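Position 29 (the sequence shown) corresponds to 35 in my numbering; numbering is contiguous. What follows is a single structure, written as structure tokens, with notes after it.
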Amino acid sequence: MKLFSRSRALGKHPTLGELALALREAYFTTLALYAVPGLLLGAVLGRGDVGAVGLVGLVVIALLLAVVTWFLADRTRRDEQSPLQGAIRASIQAASSPAVPFLLACAVWRDAAAFLSLLAVAAVAFVVLGWVSLPSWATLKWKQSAKLPF
């Protein structure tokens, strides 16, 4: 399997649809690379019964870290000299937004309430912060600078 094959195959003048697909592929592939070790480590080292205060604390921390990582990824997208390179790097970084609550959920999988709450935070971060908003990073100014990061 070639990782990030869509972003590698972009030509000098990609369409907005091709760019959006490349960003989503980078986002999903990176999230999967975070998730697989988290599942394995959570199965072996996961703890249970975090309590009500621990549950609230974990959910608040997961929400804060998801939002912070998203803003850092968006800043990366805006600060790059090449818009295409910046957006691809940012979509890779944006995968940590749902990955943080998911990894926390893996760590407490034996406590059903904590596990499901953190999975819900991860799902919202995945859909709202990533999947829905990534295509908006595909802009027409990429056509002038289609310099690839690979």
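Don't be surprised by glycine CBs; every beta carbon is placed ideally from N, CA and C. Here the structure is a predicted model, which is why all the values come from computation and not from measurement.
- Excluding the 5 residues flanking it on each side, A119 has same chain C-beta neighbours closer than 7 Å at L61, in chain order.
- Residues A79, T82, R83 of the same chain have their beta carbon placed closer than 6 Å to that of A96, with the five preceding and five following residues left out of the count.
- A distance below 6 Å between beta-carbons, with the five flanking residues on each side excluded, links T75 to the following residues of its chain, in chain order: S102, S103.
- Shown here, D117 sits in coil according to DSSP, grouped into three states, outside any helix or strand.
- The alpha helix (DSSP H) runs of length 4 or more contained entirely in the segment 51 to 116 are, from start to end of the chain, 57 to 85, 89 to 100, 102 to 113.
- Proximity of the segment 66 to 74 to the segment 46 to 55 falls short of the contact definition, fewer than three beta-carbon pairs being nearer than 8 Å.
- Residue state for T21 is assigned as coil, using DSSP reduced to three classes.
- Rounded to whole angstroms, the Cβ separation of L140 and L29 is 5 Å, and the two are in contact under 8 Å.
- By the Cβ-count criterion, D117 is buried, with 16 or more other Cβ atoms from all chains shown falling within 10 Å of its own Cβ.
- Counting only residues of its own chain and dropping the five nearest sequence neighbours on each side, A131 has a CB closer than 7 Å to the CB of A72, S103, P104, P107.
- Under the 10 Å beta carbon count, A129 is surrounded by fewer than 16 other beta carbons and is classified as exposed.
- No Cβ-Cβ contact shorter than 8 Å links A113 with L125.
- Here the alpha carbons of A26 and A32 stand approximately 10 Å from one another.
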